[in-house]
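Take the sequence shown: its position 233, counted from the start at 1, is 233 in full-length UniProt numbering, and no numbers get skipped.
The next block holds one structure in the form of structure tokens; read it before the comments.
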Amino acid sequence: RILAVIHALQPLPPFNALAAYDLNSGNRLFLSILHSDEPALANDVAVDSNGNAYVTNSIGNFIWKIDDKGEASIFSKSMRFTEHPVDRDTPYSFYGLNGIAYVSSGGYLLVAQSNTGKIFKVDVDDGTVRHVLLNKDLTCPDGVVLRSDGVVLVVSPEVNKLWLLKSNNGWGEGVVYDEIDLGDEGCPTSVVARERDKMYVLFGYLREGILGKLERESFKIEEIKSPKESEDENIWIYVMIGFGLVYFLYWRFQMGQLVKNMNKKIN
Numbered sequence: 001r002i003l004a005v006i007h008a009l010q011p012l013p014p015f016n017a018l019a020a021y022d023l024n025s026g027n028r029l030f031l032s033i034l035h036s037d038e039p040a041l042a043n044d045v046a047v048d049s050n051g052n053a054y055v056t057n058s059i060g061n062f063i064w065k066i067d068d069k070g071e072a073s074i075f076s077k078s079m080r081f082t083e084h085p086v087d088r089d090t091p092y093s094f095y096g097l098n099g100i101a102y103v104s105s106g107g108y109l110l111v112a113q114s115n116t117g118k119i120f121k122v123d124v125d126d127g128t129v130r131h132v133l134l135n136k137d138l139t140c141p142d143g144v145v146l147r148s149d150g151v152v153l154v155v156s157p158e159v160n161k162l163w164l165l166k167s168n169n170g171w172g173e174g175v176v177y178d179e180i181d182l183g184d185e186g187c188p189t190s191v192v193a194r195e196r197d198k199m200y201v202l203f204g205y206l207r208e209g210i211l212g213k214l215e216r217e218s219f220k221i222e223e224i225k226s227p228k229e230s231e232d233e234n235i236w237i238y239v240m241i242g243f244g245l246v247y248f249l250y251w252r253f254q255m256g257q258l259v260k261n262m263n264k265k266i267n
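Right, dumping it as structure tokens:
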């Protein structure tokens, strides 16, 4: 199935929903209205191992949960989401919780908050929240995805960056170990990963839509490579070549000694 988060803009009546479609038939499986007593903006979605979907509310700073039948409820409305200061002078100050990814190995969600630059870890069993301590805050983090090697990719449409994050303690803490400039055009809003070294960024031209420019007919998906990781891989290749050369020279030395010993015995 494929999931689509819906947030209606004016002049349509305001509503938020999650739609699910069968990939084979194209039939809609459900359309779940995401209720809120306050203004809301449904934004991103992640799915756990049991088929439950989790949708971020950027204005209300909480997370909805939608089960595999389409039943929706408010899942996590922790005070942790609102304890950090927000710079009201930034153009993205009203964007709270945004990108979200599920970590199956630990049973938790990683959620980015655009207006504070924070990353949160949310337990899928009880909705409890912890702030992930990073070596630097991110500027307007948006799309989040988990790579197969455990690296988390985060993209920003405000500064046109892709960050690579890693953690060695289950995301109690994390490190931003690479930062890739995505250029000045296109407004990158989402990122996906395939295998370990394949990263693709969607340029959604979001600012054009916000300004009411609806004429665009094409968008851009670009494969991104990390120069730092490519450099590390090259170093590893050289190390392996070095080990291979040392082994070959050792083998050659041993064979030479063996031939000498055999010649001595023959003579």
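From the three backbone atoms N, C-alpha and C, an ideal C-beta is built for every residue, glycine too.
Note that this is a predicted model, so its numbers are computed, not measured.
>> Considering Cα atoms alone, identify which of Arg130, Gly204, Ser36, Asp149 is closest to His84.
In response: Arg130
>> Let me make sure I understand the geometry here. Which of Ser190, Gly204, Arg196 has the alpha-carbon closest to that of Asp44?
In response: Ser190
>> Looking at the secondary structure, which residues open and close the beta strand (DSSP E) in which Asn98 lies?
In response: 97 to 103
> Sorted by chain position, which residues of the same chain lie with C-beta nearer than 7 Å to Thr116's C-beta, five sequence neighbours on each side aside?
Replying inline: His84, Val86
> What residue does the beta strand (DSSP E) around Tyr92 start on, and which one ends it?
Replying inline: Segment: none, Tyr92 is in no beta strand (DSSP E) and carries neither H nor E.
> Residues bridged to His7 by DSSP?
Replying inline: Asn16
>> For Leu109, report the span of its beta strand (DSSP E) as first-last.
In response: 108 to 113
> Between which two residues does the beta strand (DSSP E) harbouring Arg28 extend?
Replying inline: 28 to 33
> Does the beta-carbon of Leu18 have 16 or more other beta-carbons within 10 angstroms, so that it is buried, or is it exposed?
Replying inline: buried
> In terms of residues, what are the limits of the beta strand (DSSP E) holding Leu153?
Replying inline: 152 to 156
> Asn57: buried (16+ other C-beta within 10 angstroms of its C-beta) or exposed?
Replying inline: buried
> Nearest-angstrom Cα distance between Ala40 and Leu134?
Replying inline: 28 Å
> Can you list, in chain order, the stretches of the beta strand (DSSP E) that have 3 or more residues and sit fully within the stretch 135 to 198?
Replying inline: 144 to 146, 152 to 156, 161 to 166, 173 to 181, 188 to 194
> For Ala46, which residues from the same chain have a beta carbon less than 8 Å from its beta carbon, with the 5 sequence-adjacent residues on both sides left out?
Replying inline: Ala53, Tyr54, Ile100, Ala101, Tyr102, Leu109
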